[in-house]
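>
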Amino acid sequence: MKKTLDRLLKLIQSISLAILIVSVSVLPVFAQDVSNRDLPMVSTADDSQLELTKFHDIEEFSDNFFVNQITENNLTGAVFTLVKDDKIIFSKGYGYANLEDKIPVIPNKTLFRVGSVSKLVTSTAVMQLVEQGKLKLHEDINQYLKEFQIKTNKFKPITVDHLLTHTDGFDVAWVIGGATRCQSQLLSLEKFLTENLPERVRPPGQLYVYGDVGLALAGYLVEVVAGIPFSEYIDQSILQPLDMSQSSFQQPLPSELAANLAVGYQYKNGNYIKQPFTCNKSVPTTALTTTAEDMAHFMIAHLQGGRYGTERILNDTTVKEMHRQHYTNFPNIPQAAGSTYGFFERFVNNQRIIEHGGSMSGYTNLVFLIPEQKLGFYIAYNRNSLNENLRYELVEQFLDRYYPVQ
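All the letters of the sequence shown, read from the start, carry residue numbers 49 to 454 under the numbering used here.
#1: Which residues does DSSP list as the beta-bridge partners of Q284?
#2: Less than 8 Å between the CB atoms is what I'm expecting for L290 and Y268, so what's the real figure, rounded?
#3: If you compare alpha carbons, which of K199, E108, A307, S407 is closest to R149?
#4: Pair every Cβ in the segment 147-163 with every Cβ in the segment 397-411, then say whether three or more of these pairs are closer than 8 Å.
#5: Our contact map puts D364 next to G353 with C-beta atoms below 8 Å; I'd like the distance itself, whole angstroms only.
#6: Under DSSP, the alpha helix (DSSP H) around M370 begins and ends at which residues?
#7: Where DSSP assigns a beta bridge to Q299, which residues make up the other side?
#8: What is the DSSP secondary structure of I361, counted as helix, strand or coil?
#9: Can you give me the Cβ contacts of M292 inside the same chain, cut-off strictly under 7 Å, excluding the 5 residues immediately before and after it?
#10: Report the option in K329, A349, H371, L309 whose CA atom is closest to the CA atom of I151.
#11: Please state whether DSSP places Y451 in a helix, a strand or coil.
#12: Shortest alpha-carbon distance to D216 belongs to which of K182, R360, Q254?
#13: Going by C-alpha distance, which of V115, A126, P251 is nearest T200?
#14: Note the first and the last residue of the continuous alpha helix (DSSP H) segment covering V131.
#15: Just to confirm the assignment, what range does the beta strand (DSSP E) spanning L414 have?
#16: Buried or exposed for Y429, going by 16 or more other Cβ atoms inside 10 Å?
#17: Using the Cβ count rule (16 or more neighbours within 10 Å means buried), how would you classify S303?
#18: Can we say the segment 187-205 touches the segment 235-249, given the rule of at least three CB pairs closer than 8 Å?
#19: Excluding the 5 residues preceding and the 5 following L434 in the sequence, name in chain order all residues of the same chain whose CB lies nearer than 6 Å to its CB.
#20: Return the CA-CA distance between I418 and V249, expressed in angstroms with no decimal places.
#21: Could you tell me how far apart the beta carbons of S166 and P332 are, in whole angstroms, since I believe they sit closer than 8 Å?
#22: Between which residues of its own chain and H350 is the CB-CB distance below 7 Å, once the five residues before and five after are set aside?
#23: Counting along the chain, where does the alpha helix (DSSP H) carrying K239 start and finish?
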């Protein structure tokens with residue numbers, strides 16, 4: 049106990065951060081408690097669910113992990129939300145969404161910009177249209193493109209399968225998701241792709257190379273086939289059915305959401321520097337802003353065969369098709385990492401994991417699912433320039449504790 053208190057005092061003295069515990073009962077009630085040392089603590093988890101699972105000590109695990117991370121890595125704020133089956137069983141914010149105004153991170157209120165985690169929502173939208181028969185996975189995408197065509201050159205046609213598995217063969221040296229200040233006029237997705245599509249440098253399906261181009265094109269296919277703007281389709285077909293009312297692909301954010309956006313920071317030379325809100329040119333690959341508990345709804349839908357509550361965004365067969373491995377660079381190696389439709393796949397402690405990380409100016413995120421266990425979690429930080437290993441350190445410690453190698 050003394051060691052923990054000393055660590056917390058050091059945290060306050062050094063970077064003026066406090067641990068914030070957000071606790072909500074089954075009803076949407078916000079309650080704040082103050083400890084005997086006046087540390088701001090707010091409490092969000094349905095404790096009744098924890099007693100029924102192996103995660104009865106998850107709060108202790110989470111507190112220890114994030115206190116250490118905040119202290120040792122000069123973090124500003126973080127959030128951790130855990131889902132099992134069809135429920136959120138743990139959700140907690142740490143530190144500050146806004147250092148200057150001492151606004152805490154609250155899982156069902158604080159918004160984070162998720163960067164490339166946006167690709168999971170885009171991939172889900174594509175699979176909705178595949179399920180409806182409006183897109184074909186293994187046919188030339190040129191049949192859907194009206195304003196421009198993908199040059200064939202010496203290569204075979206590119207398919208939706210190639211786009212979703214990052215095997216499209218485009219030159220990834222060119223960065224499609226570049227940011228711009230929102231005051232400048234953003235190009236439409238169609239015009240942006242028309243003017244900036246990179247060269248094809250390898251046959252599609254030959255090699256997995258992560259990039260933004262394929263999912264930007266996939267998002268454009270959603271727009272073309274659905275006949276409405278991409279963001280509007282996402283809102284109608286995914287965000288609304290999943291009750292993700294605190295989420296949006298709009299840039300800049302609607303005012304009612306912008307008020308709860310965590311400030312993004314960069315840590316440099318002992319100082320926390322606010323990062324400006326930038327508008328990303330490739331909306332389908334980078335533009336989602338959401339809360340941890342909204343993202344929990346999305347994870348639950350993927351873990352429950354496309355269903356959230358009484359709503360369904362995909363059928364069970366489509367979800368299984370989306371989650372299975374469709375490509376690996378190492379087909380002859382058992383449990384080799386690979387690509388699903390949208391997620392990265394890997395194996396840790398004999399558990400099959402599908403996941404996707406995201407980073408952008410001032411924010412770092414990770415969505416992590418174990419489909420066979422009907423379990424997933426989301427973590428987010430409002431600081432950039434983080435060591436990539438920090439996100440995956442949580443994955444390793446979580447699995448070693450709750451799913452050790454047998």
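The beta carbon of each residue, even a glycine, is placed where N, CA and C say it ideally should be.
According to the structure shown:
#1: DSSP links Q284 through a beta bridge to no other residue.
#2: Their Cβ separation, rounded to whole angstroms, is 23 Å, which puts L290 and Y268 out of contact at 8 Å.
#3: For clarity, residue 149 is Asp in the given sequence; the question names Arg instead. Among K199, E108, A307, S407, the Cα nearest to that of D149 belongs to A307.
#4: Flag = yes, the segment 147-163 and the segment 397-411 touch.
#5: Contact between D364 and G353 holds, since their C-beta atoms are separated by about 3 Å, short of 8 Å.
#6: Run containing M370: 364-371, per the alpha helix (DSSP H) assignment.
#7: Per DSSP, Q299 has no beta-bridge partner at all.
#8: Residue state, collapsed to three classes: coil.
#9: The beta carbon of M292 is closer than 7 Å to those of T338, D342, H345, F346 in its chain, skipping five residues each way along the sequence.
#10: For the residues K329, A349, H371, L309, the minimum Cα distance to I151 belongs to L309.
#11: Reduced to three states, the DSSP call for Y451 is coil.
#12: Nearest of K182, R360, Q254 to D216, Cα basis: Q254.
#13: The shortest C-alpha separation from T200 is found at P251.
#14: Counting along the chain, V131 falls outside any alpha helix (DSSP H), though it belongs to the beta strand (DSSP E) covering 125-132.
#15: Looking at the DSSP string, the run of the beta strand (DSSP E) that includes L414 is 411-418.
#16: By the 10 Å Cβ count, Y429 comes out buried.
#17: Counting every other CB atom within 10 Å of its CB across the protein chains shown gives S303 a total below 16, marking it as exposed.
#18: A contact between stretches requires three or more CB pairs, one per stretch, nearer than 8 Å, and the segment 187-205 meets this requirement with the segment 235-249.
#19: Answer for L434: T412, listed in chain order.
#20: Using only the alpha carbons, I get a separation of about 34 Å.
#21: Yes, they are in contact, since the Cβ atoms of S166 and P332 sit about 7 Å apart, within 8 Å.
#22: If you ignore the 5 residues before and after H350, its C-beta comes within less than 7 Å of the C-beta of V367, L417, all in its own chain and listed in chain order.
#23: Segment 237-244, the alpha helix (DSSP H) holding K239.
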